[in-house]
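Numbering (the working numbering), first residue to last: 18 to 204.
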């Protein structure tokens with residue numbers, strides 16, 4: 018399972034605090050990206066946790082924050098991480114309000130948590146997820162090879178394959194007729 022905002026909030030070393038969008042913490046995070054651009058959207062693909070210190074933002078201006086956060090939400094950004102103790106001692110109220118209105122999760126990043134630590138946490142979780150997928154693929158290959166060599170026939174092999182793909186599997190002959198299928202309803 019890819020990382021989510023919830024998994025990052027639960028990561029005790031990061032010490033992130035939810036300031037808006039607590040009901041959307043199950044949002045998957047494709048990557049974490051730091052940007053101080055007033056409009057980072059052209060450089061985003063969607064699914065990112067955007068990390069900012071608000072160097073170039075008028076974070077006390079409700080209208081400016083409304084426009085900024087709406088652009089991020091419309092671009093599919095997973096969430097916004099706001100560093101406190103750099104340019105602002107706390108997350109500005111206009112930013113919190115804009116995030117709540119747009120439904121964009123807003124996380125407070127404490128001064129002692131470098132953006133790099135968040136990016137590494139996301140990267141590590143993505144790598145672990147990919148490793149699990151590869152390992153599961155190798156395990157399925159090993160099990161299916163064993164089943165084929167055991168000589169239990171196509172029904173047993175297809176049953177194992179269907180279980181691994183959490184679906185159905187079928188074997189067809191050259192004419193397109195079903196020879197065997199699993200589960201039985203797939204025939």
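For glycine and all other residues, C-beta sits at the position ideal for the given N, C-alpha and C.
> Where do the N-terminal and C-terminal ends of the alpha helix (DSSP H) with residue 181 fall, by residue?
Replying inline: 171 to 182
> Taking Cβ positions, are residue 174 and residue 132 nearer each other than 7 Å?
Replying inline: no
> If you count every other CB in all the chains shown that lies within 10 Å of the CB of residue 153, and 16 or more means buried, which is it?
Replying inline: exposed
> Hey, residue 74 and residue 96 are a contact pair by Cβ (cut 8 Å); roughly how many whole angstroms apart?
Replying inline: Wrong, their Cβ atoms sit about 16 Å apart, outside the cutoff.
> How would you write the range of the alpha helix (DSSP H) that residue 53 sits in, first residue to last?
Replying inline: Here residue 53 belongs to no alpha helix (DSSP H), and DSSP marks it neither H nor E.
>> With three or more C-beta pairs closer than 8 Å as the rule, is the stretch 72 to 91 touching the stretch 149 to 163?
In response: These segments do not touch.
>> Less than 7 Å between the C-beta atoms of residue 167 and residue 199, yes or no?
In response: no
> According to the neighbour-count rule (16 or more other Cβ atoms, all chains shown, within 10 Å of its Cβ), is residue 36 buried or exposed?
Replying inline: buried
>> Can you tell me whether residue 60 is buried or exposed? The criterion is at least 16 other CB atoms within 10 Å of its CB, across all chains shown.
In response: exposed
>> Taking 7 Å as the threshold (C-beta atoms), are residue 117 and residue 101 in contact?
In response: Between residue 101 and residue 117, the gap from beta carbon to beta carbon reaches 7 Å or more.
> Can you check whether the CB of residue 49 is closer than 7 Å to the CB of residue 143?
Replying inline: no
> Anyone know if the C-beta pair for residue 21 and residue 43 falls short of 7 Å?
Replying inline: yes
> Taking the alpha helix (DSSP H) that residue 148 falls in, what are its first and last residues?
Replying inline: 132 to 167
>> Going by C-alpha to C-alpha distance, which of 57, 119, 123 sits closest to residue 107?
In response: 123
>> Suppose only complete runs of 4+ residues qualify. What are the alpha helix (DSSP H) ranges in the stretch 64 to 119, listed by chain order?
In response: Taking only runs of at least 4 residues, the alpha helix (DSSP H) segments lying wholly in the stretch 64 to 119 are 79 to 91, 110 to 119.
> Under a Cβ-count criterion, where at least 16 other Cβ atoms within 10 Å of its own Cβ denotes burial, should residue 119 be classed as buried or exposed?
Replying inline: buried
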